[in-house]
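Novice: The structure that follows is given in the form of structure tokens.
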């Protein structure tokens, strides 16, 4: 009885899954392999950047150029603003996206170079539904246990792009959204002030 | 060896001053945790739209955060830096191993309470191995044999049992907590077999008690030292360290409870 029920449910789920896959297949269904390949390429590029030991403005510009090509900066920026995004007019949104880029490159360039000499091993991927594919890797540090680093890759904008990185389950995108929410609140919701400060701030 | 991946972020993010050991002593001496539970126990509120966690006590929490940060600035950080500078690396490793070792009886019981017999068995095997051939737990041959230190605690047990996460708190000395984790601290104290040492039921002419007190003093220093970069960055290199700590703690704690990044925890950057 129960097993019949389970089987039927499984069959329905499978049929539904197929339908979804067929539908998505034409447009852009990101395969696990493609996502892993994408992250492998991204890691290689990051490593080259870090090994060239470019610091300062040049390094930040190169880092940003890499992010522009490989990550979904616009949607991530929008996500990081949360509900405040819809309260911003177009000029503010444009100014914000510029400030967001300068903030990101200054803040995370240093952060990534700290991992320069450390090995990253990709060991698998899981399907994250409409959020894309989560590629799993271990960052091996000389003096301690490996750190879980996960890369959320998604191709809703056409090509595979990075939409988030998680260190031990701490999401960069969510951290940015919480940080920006706090900054905005501290400025009593003054969006222009927030954008101006974001462009020059480098904390995270 | 050194700190396990799962605690790398959480370990001290989860309370730059707080450790289970510190809690044990404070609880034993003052009943502080129990008082906190009474206050916090009834706190539940849904997170506002889009927010990571509900924070109805933000004003109080921020006040406490400033105190905790001051304690770190004037006391814990300098002590931990001194410890890092003046203690030989080998001794540091042995201290870290010993501190982990003394947590294992509690890890074993919590894994069993969670119904995870495999992990419970691993904790037991690790404890036996390192006690016998690892110089009483100061060395870590078990890790080489595929049994690394995998922490767990009563807060995770409560989550496995289905308890709600509750809201966000920052507690003096114990740092960031969810309501469930505050309850977990108190319950964790009771299900840790080493409570028998804290209350003097087991002792070998003062030796065991001495170890217990030493451990209580060393654990926060060791934890602060092992996670120095992360904590310094969160506390001193952010515009708003309160939010930085809250964001990091809540996410890494959820990750620890679920054991992996579940799809629910991932952001949907095209969603709302």
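Residue numbers (the working numbering), protein chains in the order written: chain C, 71 to 274; chain P, 2 to 273. Quick reminder that beta carbons are idealized off the backbone N, C-alpha and C, glycines included.
Within 8 Å of any Cβ in chain P, is that where the Cβ of residue 269/C sits?
Specialist: It does not; no Cβ of chain P falls within 8 Å.
Novice: Report yes or no: do the segment 56 to 63 of chain P and the segment 185 to 192 of chain P share at least 3 C-beta pairs separated by less than 8 Å?
Specialist: Cβ pair count under 8 Å is below three, so no.
Novice: Would residue 175/C count as contacting chain P if we go by Cβ distances under 8 Å?
Specialist: Output row for residue 175/C: interface = no.
Novice: Please name the residue in 177/C, 189/C, 195/C, 182/C whose C-alpha comes closest to that of residue 238/P.
Specialist: Among 177/C, 189/C, 195/C, 182/C, the Cα nearest to that of residue 238/P belongs to 177/C.
Novice: What are the residues of the segment 125 to 146 of chain P that lie near chain C, defined by any Cβ-Cβ distance shorter than 7 Å?
Specialist: Result list empty, no residue passes.
Novice: Comparing alpha-carbon positions, which option in 271/C, 120/C, 261/C lies nearest residue 163/C?
Specialist: The candidate whose alpha carbon is nearest that of residue 163/C is 261/C.
Novice: Whole angstroms is fine: what's the gap from residue 99/P's alpha carbon to residue 138/P's?
Specialist: In a straight line, the C-alpha of residue 99/P is about 5 Å away from that of residue 138/P.
Novice: Measure the Cβ-Cβ separation of residue 147/C and residue 179/C and say whether it is below 8 Å.
Specialist: The answer is no: Cβ separation not under 8 Å.
Novice: Sort 250/C, 114/C, 196/C by Cα distance to residue 152/C and report the nearest one.
Specialist: Closest option to residue 152/C, Cα to Cα, is 250/C.
Novice: Rounded to whole angstroms, what's the CA-CA distance from residue 134/C to residue 156/P? Just pull it up for me.
Specialist: Using only the alpha carbons, I get a separation of about 40 Å.
Novice: Which runs of the beta strand (DSSP E) fall wholly inside the segment 201 to 242 of chain C and span at least 3 residues, in chain order?
Specialist: Correct list: 203 to 210, 217 to 224, 231 to 237.
Novice: Comparing alpha-carbon positions, which option in 258/C, 112/C, 196/C lies nearest residue 190/C?
Specialist: Checked all of 258/C, 112/C, 196/C; the closest Cα to residue 190/C is 112/C.
Novice: So, helix, strand or coil for residue 270/P, using DSSP?
Specialist: Residue state, collapsed to three classes: coil.
Novice: How many whole angstroms separate the CB atoms of residue 255/P and residue 239/C, which I take to be in contact at a CB cut-off of 8 Å?
Specialist: Indeed they touch by this definition, with Cβ atoms about 7 Å apart.
Novice: In chain order, what residues of the same chain have a beta carbon less than 6 Å from the beta carbon of residue 166/P, not counting five sequence neighbours either side?
Specialist: So the list reads 179, 181, once near-sequence residues are dropped.
Novice: In chain C, which residues lie with their C-beta within 8 Å of the C-beta of residue 232/P?
Specialist: Going along chain C, no residue has its Cβ under 8 Å from residue 232/P, so there is no contact; the nearest lies around 14 Å.
Novice: Taking only runs of the alpha helix (DSSP H) that begin and end inside the segment 213 to 265 of chain P, which ones reach a length of at least 4 residues, in chain order?
Specialist: Runs of the alpha helix (DSSP H) inside the segment 213 to 265 of chain P: 229 to 237, 242 to 259.
Novice: Please confirm whether residue 138/C has its beta-carbon closer than 8 Å to some beta-carbon of chain P.
Specialist: Judged by the 8 Å Cβ criterion, residue 138/C is not in contact with chain P.
Novice: Quick check on DSSP: helix, strand or coil for residue 191/C?
Specialist: It is a strand residue.
Novice: Who are the near neighbours of residue 196/C in its chain, counting only those whose CB is closer than 6 Å to its CB and skipping five residues on each side?
Specialist: The answer, listed in chain order, is 204.
Novice: Tell me the start and end of each unbroken alpha helix (DSSP H) in the segment 127 to 161 of chain C that is at least 4 residues and wholly inside, in chain order.
Specialist: With a minimum length of 4 residues, the continuous alpha helix (DSSP H) runs that stay inside the segment 127 to 161 of chain C are 143 to 151.
Novice: Using the C-alpha atoms, what's the distance from residue 83/P back to residue 77/P?
Specialist: In a straight line, the C-alpha of residue 77/P is about 10 Å away from that of residue 83/P.
Novice: Could you tell me the alpha carbon to alpha carbon distance between residue 114/P and residue 247/C, rounded to whole angstroms?
Specialist: Near 36 Å, if we compare the C-alpha coordinates of residue 247/C and residue 114/P.
Novice: On the premise that residue 209/C lies in contact with residue 141/C, defined as a C-beta separation below 8 Å, what is that separation, rounded to the nearest angstrom?
Specialist: That pair is no contact at about 18 Å.
Novice: Suppose you measure from the CA of residue 38/P to the CA of residue 185/P; what does that come to, to the nearest Å?
Specialist: For residue 38/P, the predicted structure reports a pLDDT of 45, less than 50, and the residue's modelled location is therefore unreliable. A value from the coordinates is still provided. Cα-Cα distance, rounded: 10 Å.
Novice: Closest to residue 244/C by CA distance: which of 173/P, 245/P, 79/P is it?
Specialist: Checked all of 173/P, 245/P, 79/P; the closest Cα to residue 244/C is 245/P.
Novice: Could you check if residue 109/C is buried or exposed, using at least 16 other CB atoms within 10 Å of its CB as the buried criterion?
Specialist: Classification for residue 109/C: buried.
Novice: Okay, do the segment 126 to 142 of chain P and the segment 95 to 110 of chain P touch, 3+ Cβ pairs below 8 Å being the bar?
Specialist: Verdict: yes, contact present.
Novice: Determine, using beta-carbon pairs with one atom in the segment 220 to 227 of chain P and one in the segment 65 to 79 of chain P, whether at least three such pairs fall under 8 Å.
Specialist: Yes, the segment 220 to 227 of chain P is in contact with the segment 65 to 79 of chain P.
Novice: Kindly indicate if chain C contains any beta-carbon less than 8 Å away from that of residue 248/P.
Specialist: Yes, its Cβ sits closer than 8 Å to a Cβ of chain C.
Novice: Given that residue 53/P touches chain C, what residues does it touch there, using C-beta distances under 7 Å?
Specialist: Ordered by position in chain C, the residues that pass the 7 Å Cβ test against residue 53/P are 244, 248.
Novice: Would you decide whether residue 89/P is buried or exposed? Buried here means 16 or more other CB atoms lie within 10 Å of its CB.
Specialist: It is exposed - the Cβ of residue 89/P has fewer than 16 other Cβ atoms within 10 Å.
Novice: Between residue 216/C and residue 271/P, how many whole angstroms is the CB-CB distance? I'm expecting something under 8 Å.
Specialist: Going by Cβ atoms, the distance from residue 216/C to residue 271/P rounds to 31 Å, so no, they are not a contact pair.
Novice: Residue range of the alpha helix (DSSP H) that residue 111/C falls in?
Specialist: Looking at the DSSP string, the run of the alpha helix (DSSP H) that includes residue 111/C is 102 to 121.
Novice: What's the gap between the Cα of residue 188/C and the Cα of residue 197/P?
Specialist: The alpha-carbon atoms of residue 188/C and residue 197/P are separated by roughly 43 Å.
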